[in-house]
Ligand SMILES: [Zn+2]
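Residue numbers (this note's numbering): 39 to 457.
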């Protein structure tokens with residue numbers, strides 16, 4: 039059988055594995071709380087809080103969707119016309135057009151161009167965040183964060199590009215197989231190593247001061263069967279007023295991270311409720327499941343890119359001879375962008391189901407739906423959430439159940455336990 043035949047077979051195997059893993063590991067059977075409860079929760083929220091959340095999101099929308107549209111347009115223009123391959127050639131020219139120069143500099147040039155063309159929308163978004171008082175960062179701090187994230191992507195992107203095109207040169211017929219294994223390995227590496235490596239670039243973490251809250255969080259984690267090594271406080275207030283918490287690391291490196299803004303804004307009982315939700319993610323191994331499905335998806339994507347990218351009409355549009363050359367990188371980016379846009383609602387749906395399960399875990403662990411509901415209200419207020427967002431936007435991109443859904447889930451739980 040030809041490499042192409044094997045690729046088709048491998049892709050089929052990966053898709054089956056992905057479907058089976060998703061069917062078994064993702065909590066699909068979790069219908070949202072009754073709409074009547076949601077509407078009652080919406081009426082319980084202060085009218086001005088709801089209005090402010092809605093106007094904030096209305097103000098963000100033009101920048102967000104323009105960025106999406108421009109990003110897609112840039113990817114398609116670079117990938118489906120010879121412009122992208124010319125840009126790669128141009129970027130590699132100072133180093134004599136060597137394949138590695140084309141691969142790394144050309145690849146980074148394509149990504150940088152897309153970043154630069156969507157930069158105005160990122161700045162627009164920042165003006166909205168500032169106007170609504172959510173961002174505490176001046177333009178200097180914002181620009182430094184932006185440069186840091188460019189630097190992180192350039193380092194990781196450069197290494198990935200060099201690795202990818204080296205494999206292609208070493209195994210011109212079977213690169214897709216090594217590429218698929220490499221992409222899967224990279225997803226695993228990034229999901230476990232990246233938080234530890236990259237988080238400190240953006241935030242400072244300090245151990246939470248000993249006290250009743252810290253003791254309660256650590257004992258709750260132990261009671262829940264997901265012991266944590268430490269509770270850290272992140273200095274998120276440097277850039278935002280938004281509140282959050284998360285659990286990162288695995289096993290011996292597992293730690294709870296709480297934004298300093300959360301400690302400032304919420305009562306200790308509410309902080310406990312937020313951390314109980316995060317422990318739910320740890321307990322259900324949501325990061326591991328996400329990593330496994332992400333790794334299978336990445337491997338399948340590489341094989342699919344090889345198969346679709348070798349389609350002669352696409353190669354002709356991109357002005358390249360074969361998909362394996364660095365000059366065809368913009369074509370790959372165009373395909374990845376389109377697939378990403380299509381995959382967004384699916385990922386959002388999966389995420390909402392997983393988040394709803396973590397909410398249920400928090401309710402059961404704390405047995406305190408009243409505080410859970412108060413915490414949801416506060417999160418929505420501080421983070422300027424739209425408590426009941428437009429249906430289309432919710433379906434396309436909401437990563438969490440809406441505030442009214444989460445409040446309604448607490449009410450349904452309270453009825454269940456008779457409180
Ligand atoms: Zn969560």
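Glycine is no exception: its CB is placed at the ideal position from the N, C-alpha and C atoms. Keep in mind the model is a prediction, meaning the values are calculated, not measured.
Where the beta strand (DSSP E) containing residue i begins and where it ends
i, result
"residue 297", "293 to 297"
Alpha helix (DSSP H) segment containing residue i, residue limits
i, result
"residue 324", "324 to 347"
"residue 91", "85 to 118"
"residue 76", "73 to 82"
"residue 54", "41 to 63"
"residue 453", "441 to 455"
Cutoff 7 Å; reference residue i; Cβ partners in own chain excluding five residues on either side
i, result
"residue 104", "159"
"residue 192", "146"
"residue 290", "267"
"residue 164", "173, 180"
"residue 177", "none"
"residue 425", "80, 83, 88, 91, 418, 440, 441, 442"
"residue 273", "241, 242, 298"
"residue 444", "397, 414"
"residue 200", "138, 141, 142"
"residue 209", "216"
"residue 155", "108, 112"
"residue 454", "none"
Close beta carbons around residue i, own chain, < 6 Å, minus the five adjacent residues each side
i, result
"residue 166", "97, 98"
"residue 423", "91, 441"
"residue 175", "277"
"residue 419", "87"
"residue 431", "none"
"residue 348", "361"
"residue 447", "71, 397"
"residue 411", "445, 448"
Chain-order list of residues whose beta-carbon lies under 8 Å from that of residue i (same chain, five-residue window excluded)
i, result
"residue 517", "Residue 517 cannot be examined here, being either before or after the span of the chain that is shown, 39 to 457."
"residue 396", "315, 316, 318, 319, 322, 324"
"residue 292", "264, 265, 266, 267, 285, 286, 320"
"residue 33", "Outside the shown range of the chain, which is 39 to 457, sits residue 33, and nothing can be said about it."
"residue 391", "64, 65, 66, 68"
"residue 338", "49, 52, 53, 56, 218"
"residue 271", "243, 244, 245, 246, 295, 296, 297, 298, 301"
"residue 233", "286, 287"
"residue 46", "345"
"residue 275", "174, 297, 298, 299, 302"
"residue 222", "333, 334, 336, 337"
Neighbour-count burial assignment, residue i, 16 or more Cβ in a 10 Å radius
i, result
"residue 82", "exposed"
"residue 368", "buried"
"residue 211", "exposed"
"residue 75", "buried"
"residue 310", "buried"
"residue 140", "buried"
"residue 409", "buried"
"residue 335", "buried"
"residue 371", "buried"
"residue 380", "exposed"
"residue 122", "buried"
"residue 133", "exposed"
"residue 305", "exposed"
"residue 206", "buried"
"residue 406", "buried"
"residue 130", "buried"
"residue 415", "buried"
"residue 251", "buried"
"residue 393", "buried"
"residue 100", "exposed"
"residue 403", "buried"
"residue 433", "exposed"
Starting from the N-terminal side, write out each stretch of the beta strand (DSSP E) that is 3 residues or longer and does not extend beyond the region 167 to 255.
Unbroken beta strand (DSSP E) runs of no fewer than 3 residues, entirely contained in the region 167 to 255, are found at 243 to 245, following chain order.
List, from N- to C-terminal side, the alpha helix (DSSP H) runs of 4 residues or more that fit wholly inside the region 343 to 431.
As summarised for the region 343 to 431, the continuous alpha helix (DSSP H) elements at least 4 residues long and confined to that stretch are 350 to 356, 367 to 404, 407 to 420, given in chain order.
Contiguous alpha helix (DSSP H) assignments of at least 4 residues, all confined to the region 262 to 311:
Taking only runs of at least 4 residues, the alpha helix (DSSP H) segments lying wholly in the region 262 to 311 are 298 to 303.
Please list, in chain order, all residues with a C-beta atom less than 5 Å from at least one heavy atom of ligand 2.
This structure lacks ligand 2; the ligands present are ligand 1.
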